[in-house]
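>
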Amino acid sequence: DSSIDTNMQEAQEADTEPTEADFNAENTESSIKDNETDMQTLKQFNEYKEFMELTDKIENVNHIIKQLQNYLTRLENGEYYKKEIKERTDELNFRKK
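Count along the sequence shown from 1, then add 74; that gives the number in our numbering.
As structure tokens, this is what we get:
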């Protein structure tokens with residue numbers, strides 16, 4: 075009887091101990107979750123990178139718009155022509171000397 079009890083107890087312990095298959099299954103599940111997390115992180119990074127690139131482009135366009143607005147204002151006020159006339163007059167006066 076005691077040997078039967080011992081054999082049954084050993085069989086029960088064997089059933090509760092994790093097997094290599096259990097270990098591999100847990101690792102596979104963990105790896106899948108890690109890969110999903112890594113992919114999500116990479117996707118977020120790429121979205122952030124794209125957002126920053128678009129932000130830079132918008133800033134560049136805004137800078138160009140401001141430059142053009144300043145240029146137009148100078149043209150409207152005649153400042154551009156006054157400056158050109160002064161520079162060319164100064165150049166002619168310098169050559170005359």
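Note that the Cβ used here is the ideal one computed from N, Cα and C, for glycine as well.
Which value, in whole angstroms, describes the spacing of the CA atoms of Y145 and E110?
Roughly 52 angstroms separates the two Cα atoms.
> Where do the ends of the alpha helix (DSSP H) carrying E93 lie?
A small fix is needed here, since residue 93 is Thr in this sequence, not Glu. Note, T93: premise wrong, no alpha helix (DSSP H); not H, not E.
> Locate the alpha helix (DSSP H) running through K170, then write down its first and last residues.
K170 -> alpha helix (DSSP H) spans E153 to K170.
> Measuring only the C-alpha atoms, how far is F168 from F119?
Cα to Cα, F168 sits roughly 59 angstroms from F119.
> Between E124 and N101, what straight-line distance do the alpha-carbon atoms span, to the nearest angstrom?
Using only the alpha carbons, I get a separation of about 34 angstroms.
> Expressed to the nearest angstrom, what Euclidean distance is found between the alpha-carbon atoms of Q114 and K157?
Rounded to whole angstroms, Q114 to K157 spans 57 angstroms at the Cα level.
> Compute the beta-carbon to beta-carbon distance between R162 and Y154, rounded to the nearest angstrom, for a pair I have assumed lies under 8 angstroms.
R162 to Y154, Cβ: 13 angstroms. No contact.
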